[in-house]
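Colleague:
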Amino acid sequence: MQNFFQKLLQLPSGEWNQIQKEALIDLCLLGMYSDDRISLAEQDFIEDEYTQLKWESGISFSGYLQRTIPKIRSVKNNSQKTNELLQDIANRLQDDKLKSQAVAELEKLLSTDGIINLEEKFLSKVKTVMGI
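So this is what it looks like as structure tokens:
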């Protein structure tokens, strides 16, 4: 998991605009919470590594996480709200190439602790919403 976020936090600025980076982070966080198994070490790593991301927002990366994680937790057990958030993420990603890349990164993330049934269902839902 840590290698995944290390790579994610070093995305080239030219490929991803700030809105798309935020959408990718939201998707990954939603994926992390899809199996109800996120470790404290994973959260700490994200917070420790945020300075490596070419973050171009008025809010710091850790501030963004503090604002976003409760939103992710609040929708993860509500199918309709999860679908709405996934649609919002897809809209923010915009580009089909970035959607495919985001799904590929999500698959890597989900496979770090072994894809289980809940994660497979989540990944299938993501692919449907992204049109993949």
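Quick note on numbering: UniProt numbering labels position 54 of the sequence shown as 54, and the sequence is numbered without any gaps.
Beta carbons: idealized from backbone N, C-alpha and C, even for Gly.
What you are looking at is a predicted structure, and each value in this text was computed from that prediction instead of being measured.
#1: Can you give the Cα-Cα distance for Gln101 and Glu120, rounded to whole angstroms?
#2: Distance check for Leu86 and Lys71, CA to CA, integer angstroms please.
#3: What do you reckon, are the CB atoms on Thr68 and Asp26 nearer than 8 Å?
#4: Given this structure, state the Cα-to-Cα distance separating Gln66 from Ile132, to the nearest angstrom.
#5: Does DSSP classify Glu56 as helix, strand or coil?
#6: Alpha carbons only, please: which of Leu109, Val129 and Leu123 is nearest the one belonging to Glu84?
#7: Would you call Cys28 buried or exposed, if buried means 16 or more other Cβ atoms sit within 10 Å of its Cβ?
#8: Please classify Ser57 as buried or exposed, where buried requires at least 16 other C-beta atoms within 10 Å of its C-beta.
#9: Let me check understanding here. Comparing Cα to Cα, which of Lys76, Ile59 and Trp55 lies closest to Leu118?
#10: Beta carbon of Gln20, beta carbon of Leu93: below 8 Å?
#11: Cβ of Phe122 within 8 Å of Cβ of Gly31?
Modeller: Working from what's here:
#1: The alpha-carbon separation between Gln101 and Glu120 amounts to approximately 18 Å.
#2: The C-alpha of Leu86 is placed about 12 Å away from the C-alpha of Lys71.
#3: A contact, by the Cβ cut-off of 8 Å.
#4: Rounded to whole angstroms, Gln66 to Ile132 spans 30 Å at the Cα level.
#5: In this structure, Glu56 counts as coil in the three-state DSSP scheme.
#6: Nearest of Leu109, Val129 and Leu123 to Glu84, Cα basis: Val129.
#7: Under this definition Cys28 is a buried residue.
#8: The residue in question, Ser57, is exposed, as its Cβ has fewer than 16 Cβ neighbours within 10 Å.
#9: When each option's Cα is compared against that of Leu118, the closest is Lys76.
#10: Yes; because the gap between Cβ atoms is below 8 Å, this pair is in contact.
#11: In this structure, Phe122 sits near Gly31, with a CB-CB distance shorter than 8 Å.
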